[in-house]
Amino acid sequence: MSSSAVPLPAQRFRAHLSLARISNSPTVASNVLAGAALAGSTGLSGRTVLLMLSMVLFYTAGMYLNDLLDLDIDRRERPERPLPSGTVPLPEAWAVTGVLFVGGLALLATQGLTALLSGLGLAALIVVYDAWHKRNPLSPLLMAGTRVLVYVTAFLALAGTAAGPLLLWALLMGGYIMGLTYIAKTENRSGLARGWPAALVLLPAAVFVVSLFRSAGSQPLVLSALLLLAFVGWAIYSMGFVYRPERRNIGRAVGSLIAGVSLLDALVLLASGAHLGPVLLAVAAFALTVYWQRHIKGT
0 MSSSAVPLPA QRFRAHLSLA RISNSPTVAS NVLAGAALAG STGLSGRTVL LMLSMVLFYT
60 AGMYLNDLLD LDIDRRERPE RPLPSGTVPL PEAWAVTGVL FVGGLALLAT QGLTALLSGL
120 GLAALIVVYD AWHKRNPLSP LLMAGTRVLV YVTAFLALAG TAAGPLLLWA LLMGGYIMGL
180 TYIAKTENRS GLARGWPAAL VLLPAAVFVV SLFRSAGSQP LVLSALLLLA FVGWAIYSMG
240 FVYRPERRNI GRAVGSLIAG VSLLDALVLL ASGAHLGPVL LAVAAFALTV YWQRHIKGT
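Take a look at the structure:
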């Protein structure tokens, strides 16, 4: 965009949505539902809604910061992005980032000290990832850590102290995020280098099957089976954009796997004994993410 061109309000608004990766935000909300269910909050409460908003603010701040810190790279490789094109002025983007972080922390401050401390850790990890993800072999671990801390923060806000099921499912979510990230990094490798990220993506399904057997019928069998098939089917479909050369599209694979986060959250909700409402909300978050990604890129 030339220096004399002034973006229309609608163009600037859409550019902000692109910077925010708004299409992926429903997956953060479903993360909170899962963390809340692990804390014993099986329904949808006002506190859970506040936690959702707080975590979405953190996520959005991280997306803005990512583009701000990658500006030099985007000027060379993606000059059409909102910041290098000038559609969103840099001072405006920095201001929005600060407001989002402060807003997220302010909401968490109403949820207790442990939740606030966890949120501070999450904010710090987001900053570290955004500042140090290029050419960093540990960047998938850092990215996974941010999703793990969404689970942990929601849990601590409602339960106060960590417990075994939280650690299990949070680590499985982290493994899923690591898997989808490494899939993008190892697309041209063969053997185990290609196989183990896919195994990380599918591992939660195996753990969910074990939880079904251990629940002795307390989980709704038909719904559990349908959601399990949906999760596995979507994961295989998504990874097909990496492992099948004729369909290779890494951006689409990663975007689709990000949408699948909400299906994993739905499994966690079922395994935690959540009511039907939050489970259906997680499924709706998946559908909304897929729909929004058609209009606003998620990667």
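In numbering that gives the first Met the number 0, the protein residues as written are 0 to 298.
The beta-carbon is built from N, C-alpha and C at its ideal position, and this holds for glycine as well.
Boundaries of the alpha helix (DSSP H) in which residue i is found, first to last residue
i, result
"Ala33", "Ser24 to Leu37"
"Glu91", "Leu89 to Ala108"
"His132", "Looking at the DSSP string, His132 is not in any alpha helix (DSSP H), and its letter there is neither H nor E."
"Arg251", "Ile249 to Ala270"
"Asp66", "Gly45 to Leu68"
"Ala224", "Leu220 to Tyr242"
"Leu155", "Ser138 to Ala158"
7 Å CB neighbourhood of residue i in its chain, flanking five on each side removed
i, result
"Phe207", "Leu227, Leu266 and Ala270"
"Val127", "Leu141"
"Ala204", "Leu227, Phe230 and Val231"
"Val55", "Ser24, Val27 and Ala28"
"Leu52", "Leu106"
"Pro196", "Gly178, Tyr181, Ile182 and Thr185"
"Leu171", "Leu202, Pro203 and Val206"
"Ser237", "Ala252, Ser255, Leu256 and Gly259"
"Ala169", "Val147, Tyr150 and Val151"
"Gln292", "Ser22, Gly254 and Ala258"
Distance between beta carbons of residue j and residue i, contact taken as under 8 Å
i, j, result
"Leu263", "Tyr175", "6 Å"
"Ser22", "Ile295", "4 Å"
"Gly103", "Phe57", "4 Å"
"Leu99", "Ala130", "Between Ala130 and Leu99 the Cβ distance is about 17 Å, and since that is not below 8 Å, they are no contact."
"Val147", "Gly173", "4 Å"
"Gly300", "Gly254", "Given that the chain is displayed from residue 0 to residue 298, the structure contains no residue 300 and the question cannot be resolved."
"His274", "Gly42", "5 Å"
"Arg20", "Met62", "4 Å"
Sequence-distant residues of its chain with Cβ nearer than 8 Å to residue i (five each side left out)
i, result
"Asn187", "Note that Asn187 scores a pLDDT of 48, beneath 50, so its modelled location is shaky; the value from the coordinates is reported in the next line. Answer for Asn187: no residue qualifies."
"Asp73", "Asp66, Arg80, Leu82 and Pro83"
"Lys133", "Asp69 and Ile72"
"His15", "Pro81, Val87 and Val95"
"Ser189", "Annotation note: pLDDT 48 at Ser189 (below 50); position unreliable, no value reported."
"Gly250", "Lys296 and Thr298"
"Leu115", "Leu104, Leu107 and Ala108"
"Ser17", "Arg80, Pro81, Ile295 and Lys296"
"Leu89", "Leu67, Leu70 and Leu82"
Where residue i falls: helix, strand or coil (DSSP)
i, result
"Pro196", "helix"
"Gly297", "coil"
"Glu76", "helix"
"Gln10", "helix"
"Ala162", "coil"
"His274", "coil"
"Thr86", "coil"
"Pro203", "helix"
"Ala283", "helix"
"Gln292", "helix"
"Ser214", "coil"
"Gly178", "helix"
"Glu186", "Here the model assigns Glu186 a pLDDT of 49, short of 50, so the residue's position is not dependable, and the following value carries that caveat. Note: Glu186 maps to coil in three-state DSSP."
"Ser40", "coil"
"Leu191", "Unreliable positioning characterises Leu191 in this predicted model, as indicated by a pLDDT of 41, which lies under 50. A coordinate reading is not provided."
"Ala169", "helix"
"Gly111", "coil"
"Arg20", "coil"
Cβ-based neighbour list, residue i, same chain, cut-off 6 Å, excluding 5 preceding and 5 following
i, result
"Leu191", "Residue placement at Leu191 cannot be trusted, given a pLDDT of 41 that sits under 50; what the coordinates show is reported in the next sentence. Answer for Leu191: no residue qualifies."
"Pro6", "Thr86"
Given 8 Å, three or more beta-carbon pairs between the segment 152-159 and the segment 19-36
Look at the beta carbons and you see the segment 152-159 touching the segment 19-36: at least three pairs across the two are nearer than 8 Å.
Three CB pairs or more closer than 8 Å across the segment 97-110 and the segment 130-148:
Under the 8 Å Cβ criterion, the segment 97-110 does not count as touching the segment 130-148, having fewer than three qualifying pairs.
Given 8 Å as the limit, is there contact between the segment 117-127 and the segment 163-183, that is, 3 or more CB pairs closer than that?
The segment 117-127, when compared against the segment 163-183, does not touch it at the 8 Å Cβ threshold.
Check whether the segment 236-250 touches the segment 271-284, taking contact to mean three or more Cβ pairs, one atom from each stretch, closer than 8 Å.
At 8 Å Cβ cutoff, the stretches do not touch.
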